[in-house]
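*Asks:* Sequential numbering of the sequence shown, starting at 53, is according to this note's numbering.
Every residue gets a Cβ at the ideal spot worked out from N, C-alpha and C, and that includes glycine.
Bear in mind that the values here come from a model prediction, so they are computed numbers and not experimental data.
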Amino acid sequence: MGNTASCSELDTALLAAAAIGDGPPEVRRLLEAGANKEAAKAQGWTPLFIACAQGHEAFVRVMLAAGANMEVVADEGWTPLLIACSNGHEGCVRAMLWAGANKEAKNKYGATGMYIACFNGHAGCVRALLGAGANKEAKNKEGATPLYTACEKGHAACVRALLGAGANVDATTKFGSMPMHIACFNGHEACVRALLEVGANKEAAEKSLGATPLYIACQNGHEACVRALLEAGANKEAASINGATSLHMACQSGHVECVRLLLEASAYLESLNKNGATPLYSACQNDSARTHAS
């Protein structure tokens with residue numbers, strides 16, 4: 053009974069050491085005294101997992117040298133590498149990759165370390181994974197790639213890292229949306245410009261409405277994205293399945309500066325949507341007084 057209690061106390065001490073980042077000598081002392089390197093909390097968090105979550109690289113390296121399980125799976129499918137990527141602990145990520153951790157492990161949502169690092173904007177982790185040969189095209193359950201989620205969140209440094217490694221700029225989700233669409237939807241100009249620089253399709257129509265990136269940017273009032281697309285030569289007259297152009301959408305939504313940019317670029321004033329409405333009619337219909345006064 054005494055030995056059991058002693059082991060339990062050592063295990064608890066090792067888990068606590070992982071949380072606070074005790075140095076290698078203390079960690080080795082606990083392991084040599086019999087602490088279980090795979091002791092886990094209720095959520096499946098082992099000492100290695102906790103150290104990766106907290107960013108304690110020296111602790112991680114000691115546990116790896118001691119043969120700790122790199123692929124232990126905690127709640128919701130999280131591995132030590134995945135949690136390190138999520139929290140942006142580049143040193144821990146590099147240590148795990150050097151030790152041979154599975155770069156393509158996924159959590160319950162189908163997200164790899166690359167996807168998770170991009171989602172959270174951790175460019176250093178993205179570069180480490182790219183350097184280790186991680187799949188830059190791995191999709192989550194919605195069919196989104198790491199590049200797509202980086203564009204969605206506006207993490208331009210991650211976008212540039214992925215593009216520099218040759219990521220597919222026009223990969224689509226299961227809903228037919230591309231990185232350019234989502235960057236324009238959320239108004240992330242730096243991401244839009246990065247995509248344009250490498251030749252992303254600026255005329256691609258998304259699946260549901262047939263909307264182009266310019267149309268989406270105008271609909272949501274993202275002036276900087278509209279300007280970037282127009283400078284790159286985007287088609288001002290491309291129409292959605294309803295026959296509405298970007299000018300229709302800017303007028304309908306009351307986005308005056310987007311209207312001005314389109315007019316300066318000589319967008320056609322008299323185009324008709326499928327209901328026979330002009331952009332001016334759309335502006336009046338939606339009481340966009342500033343728009344039709346401009």
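Buried or exposed for residue 244, going by 16 or more other Cβ atoms inside 10 Å?
*Replies:* The residue is buried, with at least 16 neighbouring Cβ atoms inside 10 Å.
*Asks:* Do you know offhand how far residue 279's Cα is from residue 206's?
*Replies:* Rounded to the nearest angstrom, the two C-alpha atoms are 17 Å apart.
*Asks:* Determine the closest residue to residue 320 out of 336, 300, 334 and 306, with distance taken between C-alpha atoms.
*Replies:* Taking only the C-alpha atoms, the option nearest residue 320 is 300.
*Asks:* Just mark residue 77 as buried or exposed, buried being the case when its beta carbon has 16 or more other beta carbons within 10 Å.
*Replies:* Exposed, by the Cβ-count rule.
*Asks:* Can you have a look at residue 227 and say buried or exposed, based on whether 16 or more other CB atoms are within 10 angstroms of its CB?
*Replies:* Its Cβ having fewer than 16 others within 10 Å, residue 227 is exposed.
*Asks:* Rounded to a whole number of angstroms, what is the C-alpha to C-alpha distance between residue 346 and residue 327?
*Replies:* Because the pLDDT of residue 346 is 48, which lies under 50, any placement of that residue in the model is unreliable, and the number read from its coordinates should be weighed accordingly. Straight-line Cα distance between these residues: approximately 24 Å.
*Asks:* Along the chain, where does the alpha helix (DSSP H) that runs through residue 195 open and close?
*Replies:* Careful: residue 195 lies outside any alpha helix (DSSP H) and carries neither H nor E.
*Asks:* Skipping 5 residues on each side, what residues in its chain have a beta carbon closer than 7 Å to that of residue 3?
*Replies:* Since the first residue of the chain shown is 53 and the last is 346, residue 3 is not available in this structure.
*Asks:* Could you check whether residue 233 and residue 194 sit closer than 7 Å to each other, using their CB atoms as the reference points?
*Replies:* No, these two residues do not count as a Cβ contact at 7 Å.
*Asks:* Apply the 10 Å Cβ neighbour rule to residue 293 and answer buried if 16 or more other Cβ atoms are within range, or exposed otherwise.
*Replies:* Exposed: under 16 other Cβ atoms inside 10 Å.
*Asks:* To the nearest angstrom, how far is the alpha carbon of residue 298 from that of residue 231?
*Replies:* Going from the Cα of residue 298 to the Cα of residue 231 covers about 19 Å.
*Asks:* Is any beta-carbon of chain B found at less than 7 Å from that of residue 318?
*Replies:* The structure shown contains no chain B; it holds only a single protein chain.
*Asks:* Which class does residue 227 belong to by DSSP, given the choice of helix, strand or coil?
*Replies:* Three-state DSSP puts residue 227 in coil, outside helix and strand.
*Asks:* Which first and last residues belong to the alpha helix (DSSP H) in which residue 167 is found?
*Replies:* Segment 165–172, the alpha helix (DSSP H) holding residue 167.
*Asks:* Please look up how many angstroms separate the CB atoms of residue 325 and residue 295, rounded, as I've assumed it's under 8 Å.
*Replies:* The pair is a contact, with the Cβ atoms about 4 Å apart (cut-off 8 Å).
*Asks:* Could you say which of 172, 274, 68 and 157 lies nearest to residue 129 if we only look at CA atoms?
*Replies:* If we check each option's Cα against that of residue 129, 157 comes out closest.
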